[in-house]
Every structure is written in structure tokens, then in C-alpha cells.
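Those sequence lines, one after another, are chains A and B. For the first sequence, the residue numbers in our numbering are 1 to 180. For the second sequence, the residue numbers in our numbering are 1001 to 1180. Here a beta-carbon is modelled for each residue, glycine too, at the ideal position from N, C-alpha and C. Below is one structure; the comments refer to it alone.
2 protein chains.
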Amino acid sequence: MIAIMSDELYLTLRDLLRRKHELEPGEALFHQGDTVRRVYFVIKGTIHLVRHQASGTSLVIQRAGAGQIIAEASLFATKYHCHAVAVLPTVVWSVAKSELLGRISADPNIGLIFMKTLAHELQHSRFQVEVLSMKTVAARLDAWIEWNGELPPKGEWVSLAAELAVSPEALYREIGRRRA
Amino acid sequence: MIAIMSDELYLTLRDLLRRKHELEPGEALFHQGDTVRRVYFVIKGTIHLVRHQASGTSLVIQRAGAGQIIAEASLFATKYHCHAVAVLPTVVWSVAKSELLGRISADPNIGLIFMKTLAHELQHSRFQVEVLSMKTVAARLDAWIEWNGELPPKGEWVSLAAELAVSPEALYREIGRRRA
DNA sequence: CTTGGGACATGATCGCTATCATGTCCGACG
DNA sequence: CGTCGGACATGATAGCGATCATGTCCCAAG
């Protein structure tokens, strides 16, 4: 039983998720320019949405983990404007885009649940923006703790550092400073 | 005629927006803990959503400008979890929350337009997160230009610096460097 | 029990940006 | 035409975090 199994959105969509896809690290789910036919939901692992730039460099647009929809905006587009690549062994399930849109039209409740999910992700993403616009590790950690209640236990500090976009060393130092 | 007048979401909601609110800088639209009765849409100016922290400091959660809904997540909550304060002379219109939810249930199209708007804002916010997790002005500017096509004209560089969360000086220097 | 790996921890150095200071350019306004 | 304000521009300094290096702790596998 994975965490997302109790997820409201997952519970709503589970009957629709008919096709399973398993990806190895580095494997692509779809490419920039492909026509959008299906909508994907991450069950396990991580998918990066990557946009390859004219200049040759690439830019990560979204890092979708378990419980997240991949490229929500694609529901309203005809072609993908970025690539989707697994960075871990990943499992996703998918629905036909037309079927999902049809269901939403037929049952407004599904639309509301979708909206709720989107609204919460937006709230989280906006918070993330505010955190990252702070310049010191101390300020970012303060904001994070205020929002999340308390410091996570040891063992999760490395990923916290990634979320705060600071080096693990800088985070350790800041945590150490607070103990004193 | 303001830009947002052609906005898809605005066109959809305009008949519902029955109440107008005008705010002076510093004036509050609602407070943390208030019951959510109405949903607000910014027509002109800027509203900051602010969360006051136990520690006494405050944290901006959203900066809503013209064309944006304030605290989308409040549509699905009973009480606000932050304050809304105008930072400029601001005009917002509002709908009763129950009326809006009723309309969405009655007409799935409205829900889809809402979802589309949310999905696009989420896409933008996620991009913003990626930009801010880059550490140099050069990298942030590269990403911004790649996403937006080209450098904005003079006169907008100060606000671009704010969006990139760097000092105006640092941005000037980077732009200057590229001319050489 | 030993060994190995991952996270935690901390010191030293370097580079980048914030900040402050100063100055130029240009458009608005009386 | 003068002046006033805002944005653009650039130099100097200082602070903060990235990075690299080194070491400890702890758990798990053999």
C-alpha cells in the first residue's frame, strides 16, 4: 500500500486508469512535439519534464513524484511542449485524454476534485517560490519550518536541502547553529 | 480597457462578479481565520496573501496581480489561512463562493476553464521554482529568456530583477556583459 | 565482528551577489 | 529651459554559500 492510495484524486481516477507503464531511469514517456493522447499519473518513482532549449541546454520544468499528474497543462493542449523522462524506476498509469475530458463534462464533481488538487499544488508551488526568493539558508529554513511545523527527522535532511535549493553542508551548519 | 478584459477566465466569470471592492495600499480584504464566503478576482493593482507566523515574522504566500484569483485554494476551504492585503490601490470583484461552486456543478465548461487557468498558473509557478533554484544571475536570465523568448525592453528590467529574485544591479551587469 | 556505504558534521578556500556609493541618461513637467 | 525623479550603469567592499576535503557515526550485510 503506497501513500497515494488514499489520495482523493487517485481514488477518483482509479477506474479510469486502464493502462500501466513501467519506465527505467532515462527512459522517456513522451517527447516534445508529440500529440497529446493520454494523461499520466505517477504511482511510484519520479518523472522529470524537460524542455530542450534552442541554445542546447535543457531546463527541468516539473519534477513529478508519486501522486502527481504529469503536465496538467497538457490536458488543454494538442501537443506536448516538453519531454517526460524517468529519473528513477517509475510506474505511471494513464487515461485517454478524451475519456478524461468526457468524464469531467459528465460529472462536475470530478472537475471539482481536479481543481482542488491543482489549487493545492499551486499553493505549494507558490510557497516554494517565496522560499527560494529568500537569500539565506536561515531564512529559507525558518519559512519551511513555519509552513511545515517542524524540522524533519535525520535521514531526510538531504532531500530537505534539495527542496530548499541549498547544499547539504549549508543546511547541516544552519541546523547545528540552532542547537547551540 | 485593461489587458485582462480579454482573459478567458474573466469572460467566463464576468456575469457572476457582482460586488466591487476598492482598496487603498495597506487595506485588508480578509483576515486569517475569517470564514470563506466570497471568492475574489483582481482587476487592477496587487494583493499580497500574507501568513503571520508564530515567531512574529510574516511570509508572503502569493502576490496576486490583475487577472488572478486570490487564494484559489480557499474555494475548497471553510476558513482563510492567511491575510489578504492590498499593496497598491487595488480593485477586485467577487462572487459568493456557494454561487460559484453551484455554477461549476451546473456547467462543467466553467470548471474546465478554471482548471485550465489553474494548470497554466501552476506551470508558470513551477517554472519560477526552477529558475530560482539556479544559483547565478546568468543561469536565471538564460532560463527566463528561453521561456519568454527575449529580453524585455528597458523600463521593465527592475521588475524582471524582482521576478528573478536578484538585485537590479546584478541584472544590469549581466545584461551589459552580454552586449560585449 | 568486520566492512562498507550513506548521512551527518565541520574546516578552508573561492566565487558570486548584495549592498552602498556615485554617476549618467532621459523623459515629464512647470 | 531648468530641474526633478526614475531607471540604467559601474566600481568597491563584504558576506554568504558552493565546493572540496576530511572525519565521525550508525546501520546493515556478510
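Name the chain B residues whose beta carbon is nearer than 8 Å to that of Arg-126 (chain A)?
One-based indexing of the first sequence puts residue 126 (chain A) at position 126. Ile-1061, Gln-1062 and Ser-1125, listed in chain order.
List, in order along the chain, the chain B residues whose C-beta lies closer than 8 Å to that of Val-129 (chain A)?
Your numbering for residue 129 (chain A) matches position 129 in the first sequence. Ser-1125, Gln-1128, Val-1129 and Leu-1132, listed in chain order.
Taking just the CA atoms, how far does Arg-1038 (chain B) sit from Glu-62 (chain A)?
Walking along the first sequence from the start, residue 62 (chain A) turns up at place 62. Walking along the second sequence from the start, residue 1038 (chain B) turns up at place 38. A quick correction: the sequence has Gln, not Glu, at residue 62 (chain A). Each residue's Cα considered, the two are about 32 Å apart.
Flag Gly-1065 (chain B) as yes if its beta-carbon sits less than 8 Å from any beta-carbon of chain A, otherwise no.
Numbered from its first residue, the second sequence carries residue 1065 (chain B) at position 65. No - not a single Cβ of chain A is within 8 Å of the one on Gly-1065 (chain B).
Starting from the Cα of Gly-1155 (chain B), find the closest Cα among B:Pro-1168, B:Glu-1146 and B:Asn-1148 and give me that residue.
Numbered from 1 along the second sequence, position 155 holds the residue referred to as residue 1155 (chain B). Selected option, being the one with the closest Cα: B:Pro-1168.
Give a single yes or no on whether Tyr-1080 (chain B) has its beta carbon closer than 7 Å to a heavy atom of the ligand FMN.
Within the structure as shown, the ligand FMN is missing, as the structure has no ligands at all.
Please list the residues of the segment 72-88 of chain A that have a C-beta atom closer than 8 Å to any C-beta atom in chain B, keeping them in chain order.
Of all residues in the segment 72-88 of chain A, Glu-72, Ala-73, Leu-75 and Phe-76 have a Cβ within less than 8 Å of some Cβ in chain B.
Give the list of continuous alpha helix (DSSP H) stretches no shorter than 4 residues that lie fully inside the segment 1147-1179 of chain B.
Correct list: 1157-1164 and 1168-1179.
Using a Cβ cut-off of 7 Å, pull out every chain B residue sitting near Pro-108 (chain A), in sequence order please.
Residue mapping note: residue 108 (chain A) aligns to position 108 of the first sequence, counting from 1. Here the neighbours are Ile-1104, Ser-1105, Pro-1108 and Gly-1111.
Within 10 Å of its beta-carbon, does His-1083 (chain B) have 16 or more other beta-carbons around it, so buried, or fewer, so exposed?
For this step, residue 1083 (chain B) is matched to residue 83 along the second sequence. When all chains shown are included, His-1083 (chain B) counts as buried.
What residues of chain A sit near Glu-1099 (chain B), judged by a beta carbon separation below 7 Å?
Start at 1 with the first residue of the second sequence, and residue 1099 (chain B) comes out as number 99. Correct list: empty, because the minimum Cβ distance to chain A is about 14 Å.
Can a CB atom of chain A be found closer than 8 Å to the CB of Glu-1008 (chain B)?
To locate residue 1008 (chain B), count along the second sequence from 1; it is residue 8. For Glu-1008 (chain B), the answer is no, since every Cβ of chain A falls outside 8 Å of its Cβ.
If we define contact as Cβ-Cβ less than 8 Å, is Phe-1030 (chain B) a contact residue for chain A?
As a first step, residue 1030 (chain B) is located in the second sequence; it is residue number 30 there, counting from the start. Judged by the 8 Å Cβ criterion, Phe-1030 (chain B) is not in contact with chain A.
Counting only Cβ pairs nearer than 7 Å, list the residues of chain B close to Phe-114 (chain A).
In the first sequence, counting from the first residue as 1, residue 114 (chain A) sits at position 114. Going along chain B in sequence order, the residues near Phe-114 (chain A) (Cβ under 7 Å) are Met-1115.
Tell me whether Val-1158 (chain B) is buried or exposed, calling it buried when 16 or more other Cβ atoms sit within 10 Å of its Cβ.
The residue labelled residue 1158 (chain B) in the question sits at position 158 within the second sequence. It counts as exposed.
Given a threshold of 16 other Cβ atoms within 10 Å of its Cβ, counted over all protein chains shown, does Leu-1088 (chain B) qualify as buried or as exposed?
As a first step, residue 1088 (chain B) must be located in the second sequence, where it is residue number 88. Leu-1088 (chain B) should be labelled exposed.
Would you say Ser-94 (chain A) and Arg-19 (chain A) are within 8 Å of each other, going by their C-beta atoms?
Numbered from 1 along the first sequence, position 94 holds the residue referred to as residue 94 (chain A). Numbered from 1 along the first sequence, position 19 holds the residue referred to as residue 19 (chain A). Result yes, Cβ atoms of Ser-94 (chain A) and Arg-19 (chain A) sit closer than 8 Å.
Verify whether the separation of the beta carbon atoms of Val-1060 (chain B) and Leu-1075 (chain B) is less than 8 Å.
Translated into positions along the second sequence, residue 1060 (chain B) becomes position 60. Translated into positions along the second sequence, residue 1075 (chain B) becomes position 75. Taking 8 Å as the Cβ cut-off, Val-1060 (chain B) and Leu-1075 (chain B) do not qualify as a contacting pair.
Any contact between the segment 1102-1116 of chain B and the segment 1007-1014 of chain B? By contact I mean 3 or more CB pairs, one from each, below 8 Å.
They touch, by the three-pair rule.
Checking contacts by CB at 8 Å: is Ala-161 (chain A) closer than that to chain B?
Numbered from 1 along the first sequence, position 161 holds the residue referred to as residue 161 (chain A). Output row for Ala-161 (chain A): interface = no.
Who are Ser-58 (chain A)'s beta bridge partners in DSSP?
For the purposes of this step, residue 58 (chain A) is taken as the residue at position 58 of the first sequence. Ser-58 (chain A) pairs with A:His-52.
Give me, in chain order, the residues of the same chain whose beta-carbon lies closer than 8 Å to that of Leu-1029 (chain B); leave out the 5 immediate sequence neighbours on both sides.
Position 29 of the second sequence, counting from 1, holds the residue named residue 1029 (chain B). The residues are His-1021, Leu-1023, Tyr-1040, Ile-1047, Ile-1070, Ala-1084, Val-1085, Ala-1086 and Val-1092.
From Thr-1035 (chain B) to Trp-147 (chain A), what distance separates their C-alpha atoms?
Here residue 1035 (chain B) corresponds to residue number 35 of the second sequence, with the count starting at 1. Here residue 147 (chain A) corresponds to residue number 147 of the first sequence, with the count starting at 1. Answer to the nearest angstrom: the Cα atoms are 21 Å apart.
Just to confirm, are Ala-161 (chain A) and Leu-151 (chain A) a CB contact at a threshold of 8 Å?
Here residue 161 (chain A) refers to the residue found at position 161 when the first sequence is read from its first residue. Here residue 151 (chain A) refers to the residue found at position 151 when the first sequence is read from its first residue. No, Cβ-Cβ distance for Ala-161 (chain A) and Leu-151 (chain A) is not below 8 Å.
I need the DSSP call for His-1081 (chain B), collapsed to helix, strand or coil.
Along the second sequence, read from residue 1 onward, the residue named residue 1081 (chain B) stands at position 81. In this structure, His-1081 (chain B) counts as coil in the three-state DSSP scheme.
Take the Cβ of Gly-1111 (chain B) as the centre, count every other Cβ of all protein chains shown within 10 Å, and call the residue buried at 16 or more, exposed below.
Taking the first residue of the second sequence as 1, we reach residue 1111 (chain B) at position 111. Gly-1111 (chain B) is buried by the Cβ-count criterion.
Could you tell me the alpha carbon to alpha carbon distance between Ala-1138 (chain B) and Pro-1108 (chain B), rounded to whole angstroms?
The count along the second sequence starts at 1 and reaches residue 1138 (chain B) at position 138. The count along the second sequence starts at 1 and reaches residue 1108 (chain B) at position 108. Computed Cα separation, rounded: 44 Å.
With distance defined between alpha-carbon atoms, name the residue in A:Gly-149, A:Glu-163, A:Leu-16 and A:Leu-141 nearest to Arg-173 (chain A).
Walking along the first sequence from the start, residue 173 (chain A) turns up at place 173. Of A:Gly-149, A:Glu-163, A:Leu-16 and A:Leu-141, the residue nearest in Cα terms is A:Leu-141.
Considering only C-alpha positions, which residue in the set A:Gly-67, A:Glu-163 and A:Gly-26 is nearest to Lys-44 (chain A)?
Mapped onto the first sequence, residue 44 (chain A) falls at position 44. For the residues A:Gly-67, A:Glu-163 and A:Gly-26, the minimum Cα distance to Lys-44 (chain A) belongs to A:Gly-67.
Let's test the definition: count the other Cβ atoms within 10 Å of the Cβ of Arg-1051 (chain B) and tell me whether it reaches 16, buried, or not, exposed.
Numbered from its first residue, the second sequence carries residue 1051 (chain B) at position 51. By the 10 Å Cβ count, Arg-1051 (chain B) comes out buried.
Note down the Cα distance separating His-120 (chain A) from Phe-127 (chain A), rounded to an integer number of angstroms.
For the purposes of this step, residue 120 (chain A) is taken as residue 120 along the first sequence, with counting starting at 1. For the purposes of this step, residue 127 (chain A) is taken as residue 127 along the first sequence, with counting starting at 1. Using only the alpha carbons, I get a separation of about 11 Å.
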